[in-house]
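The sequence shown lines up with residues 1 to 375 when you count with the UniProt record's numbering.
Down below is the structure, laid out as structure tokens.
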Amino acid sequence: MNIFDWSPPAISEMVPTELQQSLHNSRILRDSKGDLLTIFLRINRIYAKLLAIHSGSLLPPPPLVAPPLSPSPPPPPSSLRSKWRSYTLADAAAFVAAKGKSAGDEIGTVIVCAVSKPYLPFLSNWLISVSRQKQQEKVLVVAEDYATLYLVNERWPGHAVLVPPAPELQTAHKFGSQGFFNFTSRRPRHLLQILELGYNVMYNDVDMVWLQDPFRYLEGNHDVYFTDDMAAVKPLDHPHDLPAPGKKGRTYICSCMIYLRPTDGAKLVMKKWIEELKEQPWSKKKKSNDQPAFNWALNRTAGEVDLYLLPQAAFPSGGLYFKNETWVKETKGMHVIIHNNYITGFEKKIKRFHDFGLWLVDDHSNESPLGKINE
1 MNIFDWSPPA
11 ISEMVPTELQ
21 QSLHNSRILR
31 DSKGDLLTIF
41 LRINRIYAKL
51 LAIHSGSLLP
61 PPPLVAPPLS
71 PSPPPPPSSL
81 RSKWRSYTLA
91 DAAAFVAAKG
101 KSAGDEIGTV
111 IVCAVSKPYL
121 PFLSNWLISV
131 SRQKQQEKVL
141 VVAEDYATLY
151 LVNERWPGHA
161 VLVPPAPELQ
171 TAHKFGSQGF
181 FNFTSRRPRH
191 LLQILELGYN
201 VMYNDVDMVW
211 LQDPFRYLEG
221 NHDVYFTDDM
231 AAVKPLDHPH
241 DLPAPGKKGR
251 TYICSCMIYL
261 RPTDGAKLVM
271 KKWIEELKEQ
281 PWSKKKKSND
291 QPAFNWALNR
301 TAGEVDLYLL
311 PQAAFPSGGL
321 YFKNETWVKE
331 TKGMHVIIHN
341 NYITGFEKKI
351 KRFHDFGLWL
361 VDDHSNESPL
371 GKINE
């Protein structure tokens, strides 16, 4: 603290009552335009003269001391908001990856999700499940609006970033809507940038819940790991190659959960995904989303990239987990990440999580790094 930021004590605290009027009337003090030390010197001289006149006073002149130092106050909210507005994806990825490196992750891993304000309850629910596996410090929230950016970083500094341009404040977009397409089509660009920085990256939709740590299933050194979105039951020992194309000439891999190593192969898939999205823009007729483009990218690079299909029993689609009770019982204890898809609508997703005991925020919000979020 600079001493010239300090406010001097009131005159009533510095001099006897009978001398206050003399000080108040002093032209030397009243006309002073000098700095704080000059004012103190003048007060000292005035006080000494007045004491000589009022010789009955036993008070000594006040000591000339610098004001006490104290810690600088925290910056105002506007300064913090300015800081987070200028916070880059490179800054945020480095911050999060460093935490993984300190825990023994040599390269550094970033767990990415993309969230707009309406989905904050889902973010908190997902974070509780990630925290239970001790992996929350690797999480980076890509905020799709400034309200989300500020809230997350206020409660969990450094774990959210907004990549301009920011979309307009969003409502909870339905699967297949143009808003949903705009929201998800930015994803491969974010993932590619993190790969270019040299980090491993995992992407998760936030309508997922972790039941176990998924990292132990990322065997080998493949370029891209992914999950099948089909509800048809596979053998427990199914192959881990890219499945055969379906009726539309492409596979049905889910873009909800992807793990990428910073290899040329993984970068190629992301670049191809970006190209496919440009060639397949949303229209009222097609009502596309980013997932077909991701599948075309996988299919068209399969001969050049080392791809790995994760086990279905560990990473089932919502169409399998929530709709095939027999399969769930047969594979009990094997489930790792549950995806609440095969259903549209914000409230319907919450209800289904409730029904299956996977809506955690009501009773366990203290386990989320964000605490309780008022909807």
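A virtual CB, placed ideally from N, CA and C, is assigned to each residue, including glycine.
Reduced DSSP secondary structure (H/G/I, E/B, other) of ASN366: Residue mapping note: residue 366 aligns to position 366 of the sequence shown, counting from 1. ASN366 falls in the helix class under three-state DSSP.
Looking at C-beta atoms only, is the number of pairs between the segment 298–309 and the segment 239–254 that lie closer than 8 Å three or more? By the C-beta criterion, the segment 298–309 is judged to be in contact with the segment 239–254, since at least 3 inter-stretch pairs fall below 8 Å.
Suppose contacts are defined by Cβ-Cβ distances below 8 Å. Is TRP273 in contact with PRO188 by that definition? On the sequence shown, residue 273 is found 273 positions in, with the first residue counted as 1. On the sequence shown, residue 188 is found 188 positions in, with the first residue counted as 1. Yes, these two residues count as a Cβ contact at 8 Å.
Supposed contact pair ILE128 and LEU360 - C-beta distance, whole angstroms, cut 8 Å: Here the question's residue 360 lines up with position 360 in the sequence shown. Here the question's residue 128 lines up with position 128 in the sequence shown. Contact flag correct, Cβ pair sits at about 4 Å.
ARG27 burial status per 10 Å Cβ neighbour count (16 or more: buried): Residue 27 sits at position 27 when you count from the first residue of the sequence shown. Bear in mind that the predicted position of ARG27 carries a pLDDT of just 47, short of 50, making it too unreliable to give a figure here.
What are the partner residues of ASP228, as DSSP defines its beta bridges? Sequence index remark: in the sequence shown, residue 228 carries index 228 (1-based). ILE253.
Which partner residues does VAL139 have in the DSSP bridge list? As a working note, residue 139 is residue 139 in the sequence shown. Bridge partners of VAL139: ILE111.
Are SER317 and ASN341 closer than 8 Å when you measure CB to CB? Start at 1 with the first residue of the sequence shown, and residue 317 comes out as number 317. Start at 1 with the first residue of the sequence shown, and residue 341 comes out as number 341. Cβ atoms of SER317 and ASN341: closer than 8 Å.
Please classify residue 377: does DSSP put it in a helix, a strand, or coil? The question about residue 377 has no answer here: the residues shown for the chain are numbered 1 through 375.
Under 8 Å, do GLY100 and ALA231 count as touching if we go by C-beta distance? Taking the sequence shown and counting its residues from 1, the one referred to as residue 100 is at position 100. Taking the sequence shown and counting its residues from 1, the one referred to as residue 231 is at position 231. 8 Å or more divides the Cβ of GLY100 from the Cβ of ALA231.
Only counting the same chain, and skipping five residues up and downstream in sequence, which positions put a Cβ closer than 6 Å to that of ILE338? The count along the sequence shown starts at 1 and reaches residue 338 at position 338. Excluding its 5 nearest sequence neighbours in each direction, ILE338 has C-beta neighbours in its own chain below 6 Å: VAL209 and TYR321, listed in chain order.
Start-to-end residues for the beta strand (DSSP E) that takes in MET270: What you label residue 270 is simply residue 270 of the sequence shown in a count that begins at 1. Unbroken run through MET270 is the alpha helix (DSSP H), 264–279; no beta strand (DSSP E).
Using 8 Å as the cut-off, can you tell me whether the segment 191–207 makes contact with the segment 112–132, which would need three or more C-beta pairs spanning the two stretches below that distance? yes
Looking at the unbroken beta strand (DSSP E) that takes in TRP210, where does it start and where does it end? Walking along the sequence shown from the start, residue 210 turns up at place 210. TRP210 -> beta strand (DSSP E) spans 208–210.
What do you get for ALA313, buried or exposed, if any count of 16 or more other CB atoms within 10 angstroms of its CB means buried? By 1-based counting over the sequence shown, the position of residue 313 is 313. ALA313 comes out buried.
Look up ALA93 in the DSSP assignment and say whether it is helix, strand or coil. The count along the sequence shown starts at 1 and reaches residue 93 at position 93. Here ALA93 sits in helix by DSSP.
Judging by CA-CA distance, which residue of GLU276, TYR225, ASN125 and ARG85 is the nearest neighbour of SER369? Within the sequence shown, residue 369 is the residue found at index 369, counting from 1. Position check: residue 369 holds Pro in this sequence, whereas Ser was assumed. Of the candidates GLU276, TYR225, ASN125 and ARG85, ASN125 places its Cα closest to the Cα of PRO369.
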